[in-house]
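In terms of UniProt numbering, the sequence shown opens at residue 1 and continues consecutively.
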Amino acid sequence: MQLSTLSWLPRILMSHLYCYTYQEWLCSCRSDVEYGQFLSNVIIPTPMCLPKEICSRPVVYAVKALSAGLCAEVQRTQEYIKALEGLETAKQWEGLAVDWPRVLSRAVAVAIWAEDYRVEDDFIGNLPVSIIRTSTEEGLSPLITFDPIAEDLRKRFVFEGKGEISAVETTEETGINFLMDLEQRKIAASSFDQIPHRDARTTILRTHGVSFLASHTLASGFITGKHIDADGNPTGRFAKSGYAAPEVAAAMKKFVAGCTAHGLPPVEVASRWVAYHPALGDGDSIVLGASKLAQIGDTVANIRKGPLPVPVVALADELWGAVEPIRGLIV
1 MQLSTLSWLP RILMSHLYCY TYQEWLCSCR SDVEYGQFLS NVIIPTPMCL
51 PKEICSRPVV YAVKALSAGL CAEVQRTQEY IKALEGLETA KQWEGLAVDW
101 PRVLSRAVAV AIWAEDYRVE DDFIGNLPVS IIRTSTEEGL SPLITFDPIA
151 EDLRKRFVFE GKGEISAVET TEETGINFLM DLEQRKIAAS SFDQIPHRDA
201 RTTILRTHGV SFLASHTLAS GFITGKHIDA DGNPTGRFAK SGYAAPEVAA
251 AMKKFVAGCT AHGLPPVEVA SRWVAYHPAL GDGDSIVLGA SKLAQIGDTV
301 ANIRKGPLPV PVVALADELW GAVEPIRGLI V
């Protein structure tokens, strides 16, 4: 998905768009978007003399040109990185989501006029947008059609010569739902979801020099395994507010049982899992919570034991997978 604006885009609108896209799209279906496979990318082009109508011939042509130029640039970058394989210089490109121009993200774009945005509006889903087919649908099956959202369209732009709809005007909410549906149809029709996943958030933050501060290692005491009832539910006052969910309770029971089977306390497993997590680097930090000073020393001693065995890492990863839908937005 490309969120393109044909005028200056205020920072507050950028933030609003990212948050809305994340909450509506990523959190609802945990899609490949999160892993850089169908990246949501805001493009701010240079000022152009275009009509105010976002569903018009000049706007459609401009967005198509922007999309084609971006895809060509990414293609050149891919070829450059491939040519550097095995060289020392290639290390600076490691982890970058340069596989962006997949079929869906090349095929459709969304244009937004910044002037239509009102800071006082509580719901950005009502923002007028234009969904534009970029005419790059080779390899896409099934092909894009606006029939599912026909009742929610305000305008249609028909490309001359082909007699097909190239762009439609609707709302941001309808646009997001439309693209989510496209993605699910693509996954159902192909092996799109079999591409190895990578966390795009980490990649983007690292690219911009952002460091991480890992905290809540023991999940407000929940991870200790001491403050849970027979069903695995948290009994601690703070843990109740953040982790009282049936799926988390079930995962917690399995986690504690797994730690016991490996002869390791849950506290030690959690501390070592966070300390040696591949997402953390030399410039990152960890907050060690404790109710007593001696507990800090114990935690440091546990961390110094080194990385966890692979089966125990898998056990901790499984627990995080259950908790992430509830606590993952902290990242």
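In this text, a Cβ means the ideal position worked out from N, Cα and C, and glycines have one as well.
*To the nearest angstrom, report how far apart H277 and T260 are at their CA atoms.*
21 angstroms
*Return the Cβ separation of A109 and S67 in integer angstroms, given the expectation that the two are a contact with Cβ distance under 8 angstroms.*
5 angstroms
*Report yes if the C-beta distance between A322 and V248 is below 8 angstroms; otherwise report no.*
yes
*Can you give me the start and stop residues for the alpha helix (DSSP H) that E268 sits inside?*
266-275
*Whole-Å CB distance - V274 paired with A214, under 8 angstroms assumed*: 5 angstroms
*Beta-carbon proximity of T217 to S291, cut-off 8 angstroms*: no
*asked:* Tell me which residue opens and which closes the beta strand (DSSP E) that E169 is part of.
replied: 164-171
_Spatially closest choice to P58 from M14, Y20, I132, L205, by CA coordinates_ = I132
*Cβ pair Y18, G125 closer than 8 angstroms*: no
_For P265, tell me which candidate among N302, Y80, S166 has the shortest Cα-Cα distance._
N302
*So what's L213 in DSSP terms, helix, strand or just coil?*
strand
*How about V158 and E164: are their beta carbons less than 8 angstroms apart?*
yes
_Opposing strand residues paired with I176 [DSSP bridges]_ = Beta-bridge pairing links I176 to no other residue.
*asked:* Please state the DSSP three-state secondary structure of S15.
replied: helix
*Residue nearest to S285 in terms of C-alpha spacing, selected from L179, S211, T77, K254*: S211
*Per DSSP, what kind of secondary structure is S56 in: helix, strand or coil?*
coil
*How many Å lie between A314 and V256 at the Cα?*
13 angstroms
*Can a CB atom of chain B be found closer than 8 angstroms to the CB of E164?*
Any reference to chain B falls outside this structure, which holds one protein chain only.
*For the beta strand (DSSP E) that A114 lies in, which residues bound it at each end?*
Per DSSP, A114 belongs to no beta strand (DSSP E) and is neither H nor E.
_Same chain, Cβ closer than 8 angstroms to T171, five either side skipped, listed in chain order_ = G125, N126, L127, P128, V129, D152
_Suppose contacts are defined by Cβ-Cβ distances below 8 angstroms. Is M252 in contact with L308 by that definition?_
no
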